[in-house]
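Numbering (my numbering), first residue to last: 2 to 395.
We put the beta carbon where it would ideally sit given N, CA and C, even for glycine.
In what follows, a structure is listed as structure tokens, so that the remarks can point back to it.
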Ligand code: SF4
């Protein structure tokens with residue numbers, strides 16, 4: 002069953018992404034609920050592979066299709082170059098091939114509790130999420146307890162590692178995880194790591210020991226993604242637990258210790274820091290080979306923001322990608338109220354104040370919330386959001 006269509010993505014043949022529940026899906030973009038137990042992976046995505054060969058677009062791959070429709074390279078097109086689709090398209094069948102790419106978090110051990118992140122990805126955020134659930138159930142945060150032994154389960158999975166060519170490690174914070182070096186040695190015993198590209202996402206809070214640098218340098222290539230979210234003050238506000246100077250110093254030390262590498266600074270923009278996007282991107286440019294950014298789609302997303310928010314951000318920022326991202330924005334009053342509640346609830350938990358971190362944003366939220374409070378008509382609901390806000394913002 003050779004492919005003659007342009008709907009094939011090589012990932013369901015040669016890749017897998019392991020979820021925090023040790024379930025498997027083709028890639029991190031695939032909906033989490035589609036993930037299955039490792040022993041079911043081949044059968045569960047057989048139809049996907051058949052459909053791709055037959056020119057059918059699976060709706061679960063919507064993000065890739067949207068990117069391609071917008072004329073930008075998608076994860077699919079990049080993966081097809083990496084996996085050599087051009088050379089393999091005539092030999093693809095419904096059966097998966099040997100694993101060449103895997104994407105996983107070894108555990109959720111992390112020393113930060115970023116405001117846009119959750120306890121699923123950071124052990125440090127568990128206490129916070131439990132507090133939010135108990136004290137502010139209206140922000141709808143669900144604490145997640147990730148099993149401590151999940152990495153052991155991964156090691157036991159029946160995988161042929163011999164053709165492995167790429168590994169992407171996500172958070173927690175890999176450099177502080179006791180599983181990190183163990184995993185690299187595990188790979189070293191099962192495959193030729195000099196043929197394997199490594200991609201690591203780090204929060205840059207850890208000094209890298211020489212032993213770690215030596216081990217990483219045995220891999221073919223490293224793409225190191227360092228997470229910073231904006232200028233010093235707003236970075237430390239959004240990334241709770243971070244120290245901006247220390248993070249940058251560590252980042253520059255990684256650059257000296259590591260050999261074959263590409264250093265990428267990645268920033269996540271949310272309601273909290275979006276108004277600084279141009280300045281933030283320019284700030285890190287001298288310290289990396291390239292910059293990337295994404296946006297929070299969850300508790301502090303600006304995709305539900307009202308018009309004034311977009312107008313305000315675009316009045317001082319020229320970023321082209323942002324203009325395209327804003328096309329997806331749909332004002333949703335309920336979701337926006339939840340964003341407000343989350344900002345104030347997190348300030349309460351951490352004893353912080355958005356006014357200090359981003360005074361201009363705080364001022365506009367105050368003005369616009371005030372406007373809405375004056376204009377709203379309460380139907381007597383004792384939990385009326387606007388009435389509750391009255392005390393806080395006026
Ligand atoms: S097409 Fe995109 S979403 Fe679908 S499997 Fe490939 S990378 Fe993942």
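Would you kindly check if the distance between the Cβ of residue 177 and the Cβ of residue 207 is under 8 Å?
-> yes
Should residue 17 be counted as a contact of the ligand SF4 given a C-beta to heavy atom distance under 7 Å?
-> no
What are the start and end residues of the alpha helix (DSSP H) that includes residue 35?
-> First-last for residue 35: undefined, no H or E at that position.
Taking any heavy atom of the ligand SF4 as the mark, which residues have a C-beta closer than 7 Å to it, listed down the chain?
-> 10, 12, 13, 27, 28, 30, 31, 59, 61, 62, 64, 65, 75, 76, 77 and 80
Since residue 102 sits in a beta bridge, which residues does DSSP pair it with?
-> 16 and 167
Going by other Cβ atoms of all chains shown within 10 Å of its Cβ, with 16 needed for buried, is residue 296 buried or exposed?
-> buried
If we count Cβ pairs, one from each stretch, closer than 8 Å, do we get three or more for the region 55-71 versus the region 126-135?
-> no
Can you have a look at residue 3 and say buried or exposed, based on whether 16 or more other CB atoms are within 10 angstroms of its CB?
-> With a pLDDT of 49 at residue 3, under the threshold of 50, the modelled position of that residue is not reliable, and no figure is offered here.
Evaluate residue 299 with the Cβ neighbour count: other Cβ atoms within 10 Å of its Cβ, from every protein chain shown; 16 or more gives buried, anything less gives exposed.
-> exposed
What residues in its chain sit with their C-beta under 8 Å from that of residue 337, if we drop five residues either side in the sequence?
-> 305, 306 and 307
Residues bridged to residue 264 [DSSP beta-bridge criterion] = 225
According to DSSP, which residues form a beta bridge with residue 9?
-> Answer by DSSP bridge pairing: none, since residue 9 is not bridged.
Buried versus exposed, by CB contacts within 10 Å (16 or more), residue 175 = buried
Just to confirm, does residue 183 get its C-beta within under 7 Å of one of the non-hydrogen atoms of the ligand FAD?
-> Although the ligand FAD was asked about, the structure shown includes only the ligand SF4 as ligands.
Select from 95, 98, 97 and 140 the residue whose C-alpha is nearest the C-alpha of residue 116.
-> 140
Mind checking which residues open and close the alpha helix (DSSP H) that includes residue 332?
-> No alpha helix (DSSP H) contains residue 332, which DSSP labels as neither H nor E.
For residue 386, which three-state DSSP category applies?
-> helix
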